[in-house]
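Structure, as structure tokens:
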Amino acid sequence: MENLLEFFRKNFKYFLFVVLELVCIVLIYNNMSYPHFKLAKASQVITGPVYTFRHAVVRHFYYAKENEDLAEQNISLLRENSNNFFEESDTVISVFDTTSSKKKRIYDYTFAHVIHNSTYKKYNYIIIDKGQKDGITPDMAVLSSRGVVGAVSNVSENFASVIPLLHADSRLSARLPSINQIGTIVWEEGDPLHSYLVDIPQHLAVNIGDSVLTSGYSNVFPKDILIGTVSEIDNSQTSFLKIQVELATSFNNLNTVYVVKNLYKDELDTLKASFKNE
Amino acid sequence: MNKVVIENLLRFVVLLLLQFFVCNYVHLFGLFNPNIYILALLLLPFEMSSSLQYLIAFATGGVVDLFLMTYGVHAAASLLLVFARPYVLMALTAGTVKQENLEVPMPGQKTWQWLAVYTFIMAFMHQFAVSLLEVFSFSRFYMTLFVAIGDTIFTTLLIVALLYIFSPVKKK
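So the protein sequences, as listed, match chains S and F.
In this text, residue positions in the first sequence follow the working numbering: the first is 28, and each later residue adds one.
In this text, residue positions in the second sequence follow the working numbering: the first is 12, and each later residue adds one.
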């Protein structure tokens, strides 16, 4: 007995090695067992916070990619809006074809990133990172995820400049859906948060908080895109109201914008030009 | 003595954090994944009793297993590594050093070629055990071997580099 204990003490490290290895083998072999499942659950108490911490740091590296994916998704959602289509429901449809109401797409979208932006000048402008190569042409509408930004003015091969609403010469046809009146959006220097809606007659009741939408008459902007909300009404000056509009787009932190293409622009432009010639 | 304990403890913490936060996410050529935490095991002082070394190896491998959800694999391989360490060292010195007088090889005592060969042997033993235990079969044996060798080369490069960067080399 003494000898056995002595032998055991002398070779303790070998026994320990074998026992620990056996524990490992048993753990590996019982891969699908209930204790294994419990072990996995318990170990998450330790590993969970470590993984959470790592994620909190690492996720910042993937924002650019994620932003791009979200912009893609937004475009596919924007394309589905009914204001992009021209319904041909009142044309002659054969009896056999009544189920399919024909829709014609007028507006299509692409996205771009703002690489230069100013808001505190009299003639502000924005530069986006897409140009001729990506199918951008002058007079395309530019939207943000919140509302109207402006219209493309000049296009080079890889870039395009945009005249935002914050430009002393910008004019945009707008509609007040609450009273169904058409007016014009103009901007006065110095305030990047507000524009003015003019040409609404005095006698109409406009409420603070009414939304102001695009009219859709310009063939540049699709119908019913949010421009802003009425924030102040001034009826002291002329026979027209001067309505201050709080802009929906925050121009101070623009990043991704959506450029709207009118697929029938050439056709409409020639039609308009023929009117001028007469 | 106290200084040695703190030094080793710090080495374990830093290398394990490096393993969890960086190395577990590195996949060179989509395949090879370094296991640099074995450096902490390779640098355990020989004055420590063998049993304690085994327990530390088991615990270290176990913690790595917790994060990779491969319960037992790294623990078994780490244990094997620490168990084999004195025998490999004695074999490399051709039996001229007795087991009681073994020292942890460091830059300055040995050439970098010697260190690289030693690290390669140790890392390969560990890595091969990990690969085999993970698969737990000998099917696709050559693929397992190939991945193990790639991992080992990667691990060896990192460990030798770390040894030279962080060890105080005495200039003659």
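Heads up, the beta-carbon is just placed ideally off N, CA and C, and yes, glycines get one too.
Using only alpha-carbon positions, find the residue among the options that is nearest to residue i.
i, options, result
"S/Ile270", "S/Asp293, S/Pro204, S/Tyr223 and S/Leu295", "S/Tyr223"
"S/Leu240", "S/Thr265, S/His221 and S/Gly210", "S/Gly210"
"S/Ala139", "S/Pro165, S/Gly158 and S/Leu54", "S/Gly158"
"F/His85", "F/Phe139, F/Ala102 and F/Leu126", "F/Phe139"
"F/Val115", "F/Ser62, F/Leu126 and F/Arg151", "F/Leu126"
"S/Gly217", "S/Arg36, S/Thr146, S/Thr164 and S/Leu274", "S/Thr146"
"S/Asn151", "S/Ala168, S/Ile190, S/Thr164 and S/Asp166", "S/Ile190"
"S/Gln71", "F/Lys14, F/Asp76 and F/Leu53", "F/Asp76"
"F/Ser61", "F/Ile164, F/Val33 and F/Leu113", "F/Leu113"
"S/Arg132", "S/Lys292, S/Asn30 and S/Ser301", "S/Lys292"
"F/Phe31", "S/Tyr41, S/Val53 and S/His82", "S/His82"
"S/Ala69", "F/Phe78, F/Leu90 and F/Cys34", "F/Phe78"
"S/Val287", "S/Met167, S/Asp296 and S/Asn181", "S/Met167"
"S/Ser197", "S/Ile212, S/Phe302 and S/Gln208", "S/Ile212"
"S/Asn246", "S/Glu294, S/Ser60 and S/Asn181", "S/Glu294"
Just to check my reading of the structure: residue i and residue j have Cβ atoms closer than 8 Å, yes? What is that Cβ distance to the nearest angstrom?
i, j, result
"F/Ile47", "F/Leu169", "5 Å"
"F/Ala51", "F/Thr71", "7 Å"
"S/Val179", "S/Leu170", "Actually they do not touch by this definition, with Cβ atoms about 12 Å apart."
"S/Lys160", "S/Asn185", "6 Å"
"S/Ser258", "S/Arg202", "Actually they do not touch by this definition, with Cβ atoms about 17 Å apart."
"S/Ser188", "S/Ile163", "Contact doesn't hold; Cβ gap of about 10 Å is too wide."
"F/Leu53", "F/Met133", "6 Å"
"F/His137", "F/Ile49", "5 Å"
Tell me the rounded alpha-carbon separation between residue i and residue j.
i, j, result
"F/Leu100", "F/Tyr129", "8 Å"
"F/Tyr175", "S/Phe44", "31 Å"
"S/Leu47", "S/Ile102", "58 Å"
"S/Lys250", "S/Ser266", "28 Å"
"S/Ile108", "S/Tyr134", "According to the sequence displayed, residue 108 of chain S carries Asn and not Ile. Those two C-alpha atoms are separated by around 10 Å."
"S/Glu93", "S/Leu281", "17 Å"
"S/Pro219", "F/Thr166", "57 Å"
"F/Phe177", "F/Pro118", "10 Å"
"S/Gly236", "S/Ala195", "24 Å"
"S/Ser183", "S/Leu105", "26 Å"
"S/Tyr136", "S/Asn57", "56 Å"
"S/Asn110", "S/Leu231", "27 Å"
"S/Ser238", "S/Phe248", "16 Å"
"F/Gln110", "F/Leu42", "38 Å"
"F/Thr104", "S/Gly75", "45 Å"
"F/Val141", "S/Phe42", "22 Å"
"F/Tyr65", "F/Gly83", "14 Å"
"F/Thr122", "F/Val171", "11 Å"
"S/Tyr244", "S/Leu199", "10 Å"
"S/Ile254", "S/Thr276", "8 Å"
"S/Gly174", "S/Pro228", "25 Å"
"S/Ala98", "S/Tyr78", "28 Å"
"F/Gln120", "F/Val108", "14 Å"
"F/Lys183", "F/Thr155", "With a pLDDT of 44 at F/Lys183, under the threshold of 50, the modelled position of that residue is not reliable, and the figure given next carries that caveat. If I take the Cα positions, the gap works out to 44 Å."
"F/Leu29", "S/Glu29", "48 Å"
"S/Ala67", "S/Val53", "15 Å"
"S/Asn207", "S/Phe112", "21 Å"
"S/Tyr89", "S/Phe80", "15 Å"
"S/Asn289", "S/Ser263", "39 Å"
"S/Lys148", "S/Leu193", "9 Å"
"F/Leu63", "S/Thr283", "59 Å"
"F/Met59", "F/Gly73", "20 Å"
"F/Val158", "F/Val146", "12 Å"
"S/Thr297", "S/Pro165", "15 Å"
"S/Glu95", "F/Tyr36", "24 Å"
Under 9 Å Cβ-Cβ, which residues of chain F neighbour residue i?
i, result
"S/Ser70", "Asp76, Leu77, Phe78, Met80 and Tyr82"
"S/Phe39", "Ser61 and Ser62"
"S/Leu66", "Leu77 and Tyr82"
"S/Ile252", "Neighbours of S/Ile252 on chain F: none; closest Cβ ~43 Å, over 9 Å."
"S/Thr163", "The question names Thr, yet the displayed sequence has Ile at residue 163 of chain S. Simply none; closest approach about 38 Å."
Would you mind telling me which residues of chain S sit closer than 9 Å to residue i, beta carbon to beta carbon, in chain order?
i, result
"F/Phe135", "By Cβ distance, chain S contributes nothing, its closest Cβ being about 19 Å from F/Phe135, past 9 Å."
What in chain F is Cβ-close to residue i, meaning under 7 Å?
i, result
"S/Leu43", "Ser62 and Tyr65"
"S/Ile235", "Residues of chain F passing the Cβ test: none, with the nearest at roughly 53 Å."
"S/Arg81", "Phe32"
"S/Ile155", "Result: empty, since nearest Cβ-Cβ is about 35 Å, beyond 7 Å."
"S/Thr146", "None at all; the shortest Cβ gap to chain F is about 41 Å."
"S/Leu47", "Tyr65, Phe69 and Leu90"
Give me the chain S residues within the contact set of residue i, using Cβ-Cβ distance strictly less than 7 Å, ordered along the chain.
i, result
"F/Tyr144", "Correcting the residue type first, residue 144 of chain F is Leu in the shown sequence and not Tyr. What F/Leu144 touches in chain S: Ile55."
Quick one: list the residues of chain F neighbouring residue i, beta-carbon separation under 8 Å, in chain order.
i, result
"S/His87", "Simply none; closest approach about 14 Å."
Near-chain S residues of the region 55-76 of chain F - C-beta to any C-beta below 7 Å
Within the region 55-76 of chain F, the residues whose Cβ lies closer than 7 Å to some Cβ of chain S are Ser61, Ser62, Tyr65 and Phe69, listed in chain order.
Please identify, using Cβ separations under 8 Å, the residues of the region 28-54 of chain F that lie next to chain C, in order along the chain.
Looking for chain C here will not work: the only protein chains present are S and F.
Compile a chain-ordered list of the residues in the region 85-107 of chain F whose CB is closer than 7 Å to at least one CB of chain S.
Ala86, Ala87, Leu90 and Phe94
According to a CB-to-CB cut-off of less than 8 Å, which residues of the region 271-290 of chain S neighbour chain F?
none
Beta carbons nearer than 9 Å to chain F: which residues of the region 206-229 of chain S have them?
none
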